[in-house]
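Chemist: So that we are looking at the same thing, I have put the structure below in structure tokens.
Number of protein chains: 2
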Amino acid sequence: MANPIDFYFDYSSPYGYIAAMKIDGIAARHGRRVNWKPVLLGAVFKVTGGKPLPTLPLKGDYSLRDIPRSANFHDLPYRHPSKFPIASQAPARAFYWLDERDPPLAHELARALYRAYFVSDLDISSPDVTADVAATLGLKREELLAAIGSETIKARLKNEVDAALARGVFGSPYFVIDGEPFWGVDRFDQMERWLTQGPF
Amino acid sequence: MANPIDFYFDYSSPYGYIAAMKIDGIAARHGRRVNWKPVLLGAVFKVTGGKPLPTLPLKGDYSLRDIPRSANFHDLPYRHPSKFPIASQAPARAFYWLDERDPPLAHELARALYRAYFVSDLDISSPDVTADVAATLGLKREELLAAIGSETIKARLKNEVDAALARGVFGSPYFVIDGEPFWGVDRFDQMERWLTQGPF
Numbered sequence: 001m002a003n004p005i006d007f008y009f010d011y012s013s014p015y016g017y018i019a020a021m022k023i024d025g026i027a028a029r030h031g032r033r034v035n036w037k038p039v040l041l042g043a044v045f046k047v048t049g050g051k052p053l054p055t056l057p058l059k060g061d062y063s064l065r066d067i068p069r070s071a072n073f074h075d076l077p078y079r080h081p082s083k084f085p086i087a088s089q090a091p092a093r094a095f096y097w098l099d100e101r102d103p104p105l106a107h108e109l110a111r112a113l114y115r116a117y118f119v120s121d122l123d124i125s126s127p128d129v130t131a132d133v134a135a136t137l138g139l140k141r142e143e144l145l146a147a148i149g150s151e152t153i154k155a156r157l158k159n160e161v162d163a164a165l166a167r168g169v170f171g172s173p174y175f176v177i178d179g180e181p182f183w184g185v186d187r188f189d190q191m192e193r194w195l196t197q198g199p200f
Numbered sequence: 201m202a203n204p205i206d207f208y209f210d211y212s213s214p215y216g217y218i219a220a221m222k223i224d225g226i227a228a229r230h231g232r233r234v235n236w237k238p239v240l241l242g243a244v245f246k247v248t249g250g251k252p253l254p255t256l257p258l259k260g261d262y263s264l265r266d267i268p269r270s271a272n273f274h275d276l277p278y279r280h281p282s283k284f285p286i287a288s289q290a291p292a293r294a295f296y297w298l299d300e301r302d303p304p305l306a307h308e309l310a311r312a313l314y315r316a317y318f319v320s321d322l323d324i325s326s327p328d329v330t331a332d333v334a335a336t337l338g339l340k341r342e343e344l345l346a347a348i349g350s351e352t353i354k355a356r357l358k359n360e361v362d363a364a365l366a367r368g369v370f371g372s373p374y375f376v377i378d379g380e381p382f383w384g385v386d387r388f389d390q391m392e393r394w395l396t397q398g399p400f
């Protein structure tokens, strides 16, 4: 089978949300699987000097127009969260915990968490809120809360962030297909061409 | 007639080059004209804290893959300039000087300057090189060199950069259509939708 698509994202990233709603469908049309890899942009920015969008002069204001317009362009609902950005350790750890046991359900949880944050304006930085979202998928709150707090899962997330940095990931969403990097939901057109015809 | 599209760009911007080769065609298909407005990203970055792509950790390396791939995606030739980025006062001033007298020829000069830099690897930061490129379009070298050095044209460029900043321009290419801002050649798809159906 063809290589999977590696999909790096931060739960606090609006463009990551858009990508998360689309990437499995794109991959499936091209006979690819997707490895979902939540990362922490805060840790990435310490290395790159990057800063959260709202803090950037001019670009921050622009993003407030571009984000909802981009969601609309992709036929997705969007409500700008009242708290933005947020620390995303809780949902990221929840994802890796579940991904070790049930990858398809982990993808579903990832999308449910993104919708909770970017559509329902729930603050998923809270482990309790993340557990509430997981509960709607039939997962056990206490089990998930224990996992989020465990050293094993904390170390797993840290290792994933380090590996992502080593691979050059500097933003969200960030994709790697057959070794080729693509940054941004606005690279879907180039990714589709790559998936169709290979390198160009 | 419908509002023109304002197109802000820096002559040192590879994505601006791609946009410059496409925007007049896109606009024409939708019955719009284009106001070309070269700016100086160096001056813009002083306000925004932005930095040239090659200096950015990880993102700089990524851009070296993304830029030629994006040019390829848009069916354009591209050779990464041996000196990059460059100061772009000379070509920007040459543009405004010509635009006051012959806008269509000014657009042609803009594209010729971009090709000189991003295809032929000529250092258009030099007034002499800019004048050479202009001469291939039948313009008089000495007249253009005098214009580039004139206080009037220097002031014109400075005013245009100030006006662009006041409007929120923080990168290249940057477009404004009916008051709506679009940043990046990767917003062409959203611009096309806007031009077709209006606000979304």
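Sequences listed follow chains A and B, in order. Under this note's numbering, the first residue of the first sequence carries the number 1, and numbering increases by one thereafter. Under this note's numbering, the first residue of the second sequence carries the number 201, and numbering increases by one thereafter. We put the beta carbon where it would ideally sit given N, CA and C, even for glycine.
By alpha-carbon positions, which one of T352(B), G225(B), V244(B) and L309(B) ends up nearest to D332(B)?
Modeler: Walking along the second sequence from the start, residue 332(B) turns up at place 132. The residue with the shortest Cα to Cα distance from D332(B) is L309(B).
Chemist: Just mark D386(B) as buried or exposed, buried being the case when its beta carbon has 16 or more other beta carbons within 10 Å.
Modeler: Counting from one through the second sequence, the residue named residue 386(B) turns up at place 186. Answer is buried; the Cβ neighbour count reaches 16.
Chemist: Note down, one range per segment and in chain order, each alpha helix (DSSP H) of at least 4 residues found wholly within the segment 28–110 of chain A.
Modeler: Qualifying alpha helix (DSSP H) stretches, in chain order: 41–48, 59–73 and 89–99.
Chemist: Check whether chain B comes within 7 Å of P81(A), counting only Cβ atoms and requiring the distance to be less than that.
Modeler: For the purposes of this step, residue 81(A) is taken as residue 81 along the first sequence, with counting starting at 1. So, not an interface residue.
Chemist: Which residues does DSSP pair with W383(B) in a beta bridge?
Modeler: Translated into positions along the second sequence, residue 383(B) becomes position 183. According to DSSP, W383(B) bridges with Y374(B).
Chemist: What are the residues of the segment 42–62 of chain A that lie near chain B, defined by any Cβ-Cβ distance shorter than 9 Å?
Modeler: Answer set for the segment 42–62 of chain A: V44, V47, T48, G49, G50, K51, L56, P57, L58, K59, D61 and Y62.
Chemist: Report whether the distance from the Cβ of I23(A) to the nearest heavy atom of the ligand NAD is below 6 Å.
Modeler: Among the components modelled here there is no ligand, and therefore nothing to report on the ligand NAD.
Chemist: I'd like to know if N245(A) contacts chain B, where contact means its C-beta is closer than 7 Å to some C-beta of that chain.
Modeler: Any question about residue 245(A) goes unanswered here, given that chain A covers just 1 to 200.
Chemist: So, for P252(B): in the same chain, excluding its five sequence neighbours on each side, which residues have a beta-carbon less than 7 Å away from its beta-carbon?
Modeler: To locate residue 252(B), count along the second sequence from 1; it is residue 52. P285.
Chemist: Check whether the Cβ of D186(A) lies closer than 7 Å to any Cβ atom in chain B.
Modeler: For the purposes of this step, residue 186(A) is identified with residue 186 of the first sequence, where counting begins at 1. Yes, its Cβ sits closer than 7 Å to a Cβ of chain B.
Chemist: What does DSSP give as the partner residues of I223(B) in its beta bridges?
Modeler: Numbered from its first residue, the second sequence carries residue 223(B) at position 23. DSSP lists no partner for I223(B).
Chemist: Is any beta-carbon of chain B found at less than 7 Å from that of P181(A)?
Modeler: Position 181 of the first sequence holds residue 181(A). Closer than 7 Å: yes.
Chemist: With a cut-off of 8 Å on the beta carbons, I'd call F175(A) and D10(A) a contact; round off their distance for me.
Modeler: What you label residue 175(A) is simply residue 175 of the first sequence in a count that begins at 1. What you label residue 10(A) is simply residue 10 of the first sequence in a count that begins at 1. So it is not a contact: roughly 14 Å between Cβ atoms.
Chemist: Just to confirm the assignment: which complete alpha helix (DSSP H) runs, minimum length 4, are found wholly within the segment 334–373 of chain B?
Modeler: Correct list: 341–349 and 351–367.
Chemist: Helix, strand or coil: which one does DSSP assign to F118(A)?
Modeler: One-based indexing of the first sequence puts residue 118(A) at position 118. Helix, per DSSP.
Chemist: Looking only at C-alpha atoms, which of W297(B), W394(B), W383(B) and L365(B) sits nearest to A346(B)?
Modeler: For the purposes of this step, residue 346(B) is identified with residue 146 of the second sequence, where counting begins at 1. Ranking the options by Cα distance to A346(B), first place goes to W297(B).
Chemist: When Cβ atoms are compared, which residues of the segment 161–180 of chain A fall closer than 7 Å to chain B?
Modeler: Those would be G168 and F170, in chain order.
Chemist: Are any of the Cβ atoms in chain A nearer than 7 Å to that of Q390(B)?
Modeler: Locating residue 390(B) in the second sequence gives position 190, counting from the first residue. At least one chain A Cβ lies under 7 Å of Q390(B).
Chemist: Beta strand (DSSP E) containing F209(B): first to last residue?
Modeler: Here the question's residue 209(B) lines up with position 9 in the second sequence. Residues I205 to F209.
Chemist: Looking only at its chain, what residues have a beta carbon closer than 6 Å to the beta carbon of G371(B), apart from the 5 residues adjacent to it on each side?
Modeler: The residue you call residue 371(B) lines up with position 171 of the second sequence. Cβ within range, chain order: W383.
Chemist: Return the chain-ordered list of same chain residues with a C-beta closer than 6 Å to the C-beta of G216(B), the five sequence neighbours on each side being excluded.
Modeler: As a working note, residue 216(B) is residue 16 in the second sequence. Excluding residues within five positions, the ones whose Cβ falls inside 6 Å are F209, D210, S372 and P373.
Chemist: Going along chain B, which residues have a C-beta under 9 Å from F84(A)?
Modeler: To locate residue 84(A), count along the first sequence from 1; it is residue 84. By Cβ distance, chain B contributes nothing, its closest Cβ being about 19 Å from F84(A), past 9 Å.
Chemist: Exposed or buried, A366(B), counting other C-beta atoms within 10 Å across all chains shown (16 or more means buried)?
Modeler: The residue you call residue 366(B) lines up with position 166 of the second sequence. Result: exposed.
Chemist: Could you spell out where the alpha helix (DSSP H) holding F188(A) opens and where it closes?
Modeler: Position 188 of the first sequence, counting from 1, holds the residue named residue 188(A). Here the alpha helix (DSSP H) through F188(A) covers F188 to Q197.
Chemist: Is the shortest distance between the beta-carbon of F207(B) and the beta-carbons of chain A less than 7 Å?
Modeler: Counting from 1 along the second sequence, the entry for residue 207(B) is found at position 7. For F207(B), the answer is no, since every Cβ of chain A falls outside 7 Å of its Cβ.
Chemist: Output, in chain order, the set of chain A residues within a Cβ distance shorter than 7 Å of R265(B).
Modeler: Reading the second sequence from its first residue, position 65 is the one you call residue 265(B). Ordered by position in chain A, the residues that pass the 7 Å Cβ test against R265(B) are P181.
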